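Residue numbers (my numbering), protein chains in the order written: chain A, 9 to 224; chain B, 9 to 224; chain C, 176 to 515; chain D, 176 to 515. Think of the CB as a built atom: it goes at the ideal place given N, C-alpha and C, for glycine as much as any other residue. On a predicted model such as this, the values are computed, not experimentally measured, just so you know. The next block holds one structure in the form of structure tokens; read it before the comments.
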Ligand SMILES: Nc1ncnc2c1ncn2[C@@H]1O[C@H](COP(=O)(O)OP(=O)(O)O)[C@@H](O)[C@H]1O
Ligand SMILES: Nc1ncnc2c1ncn2[C@@H]1O[C@H](COP(=O)(O)OP(=O)(O)O)[C@@H](O)[C@H]1O
Ligand SMILES: [Mg+2]
Ligand SMILES: [Mg+2]
Ligand SMILES: [Mg+2]
Ligand SMILES: [Mg+2]
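In structure tokens, the structure reads:
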């Protein structure tokens, strides 16, 4: 493996990740509402924006806490402020990721991979969705796989995260032709085909925010 | 006065008048609804159509009755089937006219004039509207005046009724710039200006139907 | 669904049957309280006439549900006479209802002040008098949007109608005589004022299209209950601004003594959901309190409507001990029920 | 009205405050029945906790009013947890409500079967258990438009929720224990089925525009209560045809014994007025009768809604003597009241 010297990640990385996620959801709020309106109930954008706004506020009061602790707190905040299907799912994802990071002051690529794997596992465990069910899993799972593969191959983390973002966005596009089997869109049966999943779109935003946070 | 020989009017004239009114309200129903919708509650066309439809049915069962009796029955039928402001007003108008015609088997122009004068008086007495209040009176009063004048001047009845129709229609047009002081349109204050009164429009239809009935 | 497309977003069969079919449905649902007499198109309390009790009859055009048929039952109306949509009933209906409920103690007619309602009820009252039935007519005209002057048909009867029917109905239930029952209805009318706004138009089934066009972001101010436009059009304000408008208009005319106890009635026009009505009530209550009034009683819901119109009206009734007690008295009708 | 034009026909201040302001208004209007706790965004029966009584907690997204906060009071819910519009509440709300009403006899959670509701209530129930509060969760999933299969999130909870809350609330009021109260709610769910149609879309305040476009003359068939499109789109039928559709869908799945007594619940989606709902009830009742069922009880009105959506749903509950007695038992809440 080539020994690439990477800047260590720390609490600032997490804070930046959350801040960039917040900015993304602010910007994409109405688009996500529209996506959810087409085959759901039109609240997804507002819910995500409310949650990450609360996370940024909560983290601001936690100067000095280790990154794992910040991520756990972010997850708890999402559970307590979002509601809907996304609240418990995203809350669980970040809490699990936070716990996986542990108590250290910094973390490196392999730990980040394990954290995201834990996040994905949490979502699948709680929501029961599989690949192809037209949910956030369809973006999150390929992203985690791409990251894990790239890091294992020893690629620089920035490149690995670029690959993860690309995989997430590819996963988002792949939801369009799917018929939903989980969540509200599944009520529509065949009418859910032809629409991009809102939750998957959000997952790609969160992965891209991570890529940007690490890149800084 | 030139002695014009006129066909005597009878029960058939009344029946034809009512049938032609009914036909007119069927045809103009939606237009009257629209006129009433602009500054009122949109029921005028339906109400008039329902009333005259019932009159035609009621009269069909009264073969052999004298014209005055038919007109009285028509008025009673309007009261019992129309409702709204127009029901009592039109009902009273035709009842008064019927009573003015008396019990004879036929009637001539002067009697018709007196009948219509009685009708107008009944409307004014019950509704209290004056000329310029933007109501049916603004069509009915000039029509009655024109008819009365022409008959008094010895003009043929057909011509006199043409004059009455023209006066009624002129009266309808004159309601457009008026601000309503009676009926539902008065609630709008100045906003009632610029709209043609539905009730006046109906009055002109009834006068025209009379002209056509006598002309047959 | 093979039928031709209807231009309306309505559950109905044929427009001309809406009223009669709805009344039949009402009677099917509430056969314990009332019956529907199709021949005369009236709704009558199931146990009418009640010997010795003053009876209450009201009526008007349909499209204002639950007014009036939804208020037939114990402690409110003895009969209702629903006309076609937005069309006053005919005298025959009112007379039939008056006869059906007369229990020997006279009949109160609660009449909203519209030209058509007034004339049709008057004709019926004259005929009832010929029958030897004593009728006391009470005119309701509480809408401050219309000035009572030579230049209008006079103030419209709106929200106070519901309150007058409840309170006078309770008075009749308690055994008050004709003059007293009519007196309570008049007292309600004297002590109540209303004002309303529309956020949308409505579609009378026979017309098949909205009575007026109201662009998004605008509202009609000073509306009645017949889908007519209001006194003026304005930019749609916030709930707080609208509450200020409603409270201001009502209090300016009502001019209640500071410290008065009032009943605040926030009414939906038919298409405005409870979420918004309670929000508006909160705004209204705060402003009434600031004006030195105490909302001792309230009513929030769609009780006198204009088909599916979006919007709301406020009615404020200045209470006294008698009115409060009569308001609290048991009532059991399809639309208002408590104490029983 | 100087404020900027709003794209909605709604009475509100700022979209993100609709729910909290409406709850404050509800509490201002019904302070004798309930209180609103802004910190935890819950509505609690004013006299809670009642020692020894099983408590009922429900909740869900807002926009379904009067569900759930309008059902807090005697004989129904002890607390409600309203989320943002169409968004399940967070576990913190449910936990706060559970703690506030626990009177030592345990708490029933009435949960409508939506992914979000189920997950958020489950998280709260786990925390309540950590507190030593016994919680029995009852899942409501009565909507036959959705097939319960591996390919969906399962049937939605709709109209049966109102009936379950009323009947289980009465059971708790009568002193039944936790298992029994939960059992009654489950029995209602087992014996009830629902189906709905939409004649218009609705506008969530935060979205500011309709969730879907529905051209005039068409309807969405098989809708839920979140403004989502239905299973299919069809030409808008007559009330009779729609009644046939509703009754057919419900009875096919429910398959009640001929001769059964049922409760027929014709529910408005928020923007459909009573005139139409009673007309539809008449059509429904006739068809249920023709199917050999007796509508021993009924409920007609807008009780579980989708903001201002036009449309209606039918819920049929097969009664038994116990359910009927519990339905008839006194209830005193803002939205349902009888016997008291
Ligand atoms: N069981 C599930 N597992 C994973 N993701 C899910 C599940 N159910 C729904 N989702 C995701 O949640 C998104 C909807 O979120 P949101 O609109 O916030 O919740 P709600 O459906 O409660 O309104 C969907 O687009 C989908 O990606
Ligand atoms: N007091 C009145 N005297 C004469 N005509 C009147 C009066 N009030 C109203 N009208 C007429 O009645 C018409 C409205 O009739 P209609 O729509 O049937 O009754 P409503 O106003 O009860 O809905 C008006 O256009 C006007 O011409
Ligand atoms: Mg959603
Ligand atoms: Mg009219
Ligand atoms: Mg009218
Ligand atoms: Mg939602």
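Residues that DSSP places opposite residue i in a beta bridge
i             : result
residue 483/C : DSSP lists no partner for residue 483/C.
residue 318/D : 369/D
residue 295/C : Residue 295/C is not bridged to any residue.
residue 488/C : 371/C, 442/C
residue 217/C : 212/C
residue 470/D : 437/D
residue 254/C : 219/C, 232/C
residue 287/D : 315/D
Through-space distance from residue j to residue i, alpha-carbon basis
i             : j             : result
residue 214/A : residue 86/A  : 13 Å
residue 301/D : residue 102/A : 19 Å
residue 91/B  : residue 266/C : 8 Å
residue 370/D : residue 489/D : 6 Å
residue 434/C : residue 467/C : 5 Å
residue 457/D : residue 388/C : 32 Å
residue 462/C : residue 425/C : 12 Å
residue 314/D : residue 70/A  : 39 Å
residue 152/B : residue 399/C : 35 Å
residue 74/A  : residue 123/A : 14 Å
residue 261/C : residue 482/C : 9 Å
residue 199/C : residue 453/D : 8 Å
residue 353/C : residue 408/D : 56 Å
residue 308/C : residue 221/C : 20 Å
residue 192/C : residue 306/D : 59 Å
residue 104/B : residue 496/C : 50 Å
residue 218/C : residue 244/C : 6 Å
residue 222/B : residue 235/C : 38 Å
residue 150/B : residue 428/C : 40 Å
Nearest-angstrom Cβ-Cβ length linking residue i and residue j, presumed shorter than 8 Å
i             : j             : result
residue 501/C : residue 346/C : 6 Å
residue 57/A  : residue 34/A  : 6 Å
residue 116/B : residue 16/B  : 6 Å
residue 326/D : residue 194/A : 7 Å
residue 237/D : residue 450/C : 7 Å
residue 251/D : residue 508/D : 5 Å
Nearest neighbour of residue i, chosen from the options [CA to CA]
i             : options                    : result
residue 242/C : 200/C, 214/C, 340/C, 290/C : 340/C
residue 46/A  : 384/D, 431/D, 440/D        : 384/D
residue 284/D : 193/D, 454/D, 256/D        : 256/D
residue 204/B : 68/B, 140/B, 17/B, 100/B   : 140/B
residue 271/D : 237/D, 233/D, 259/D        : 233/D
residue 405/D : 395/D, 414/D, 344/D        : 395/D
residue 249/C : 259/C, 263/C, 390/C, 231/C : 231/C
residue 198/B : 185/B, 94/B, 136/B         : 185/B
residue 322/C : 299/C, 344/C, 288/C        : 288/C
Cβ pair residue i, residue j closer than 8 Å
i             : j             : result
residue 38/A  : residue 50/A  : no
residue 247/C : residue 281/C : no
residue 191/A : residue 290/D : yes
residue 397/C : residue 411/C : no
residue 205/C : residue 480/C : no
residue 64/B  : residue 30/B  : yes
residue 440/D : residue 494/D : no
residue 82/B  : residue 144/B : no
residue 363/C : residue 338/C : yes
residue 167/A : residue 158/A : yes
residue 147/B : residue 129/B : no
residue 372/C : residue 486/C : yes
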